[in-house]
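Numbering (the numbering used here), first residue to last: 1371 to 1442.
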């Protein structure tokens, strides 16, 4: 799951840097990653399948991803 999070992070930051300053394009990117059925939201839903001892680390990675995508 850590590799998946890193991959999504790279993809999201790459897309964020390439998106035009158009409000609609920015909003579409936000929904894709942070919306109700967004990629990051789905990662949070998968936390139940992560072993208990790895949850704090994985949760921290997902939260860091969410924060970086929000800032971007």
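Don't be surprised by glycine CBs; every beta carbon is placed ideally from N, CA and C.
None of these values were measured; they are calculated from a predicted model.
Which residue from the options puts its Cα closest to that of residue i?
i	options	result
residue 1382	1419, 1416 and 1401	1401
residue 1442	1373, 1431, 1372 and 1397	1397
residue 1371	1393, 1395, 1425 and 1387	1425
residue 1428	1415, 1440 and 1439	1415
residue 1433	1422, 1417, 1384 and 1423	1417
Run the CB neighbour count on residue i, radius 10 Å, all protein chains shown included, and call it buried at 16 or more, exposed below.
i	result
residue 1436	buried
Starting from residue i, trace the alpha helix (DSSP H) in both directions and tell me its first and last residue.
i	result
residue 1392	Taken as a continuous stretch (DSSP letters only), residue 1392 belongs to no alpha helix (DSSP H), as it is neither H nor E.
Would you say the beta carbon of residue i is closer than 7 Å to some non-hydrogen atom of the ligand SAH?
i	result
residue 1438	The model on display carries no ligand, and the ligand SAH is accordingly not part of it.
Exercise. Whole alpha helix (DSSP H) runs in the stretch 1398 to 1436 with 4 or more residues, listed along the chain?
Worked result: The alpha helix (DSSP H) runs of length 4 or more contained entirely in the stretch 1398 to 1436 are, from start to end of the chain, 1409 to 1415.
Exercise. Given 8 Å as the limit, is there contact between the stretch 1373 to 1380 and the stretch 1404 to 1416, that is, 3 or more CB pairs closer than that?
Worked result: yes
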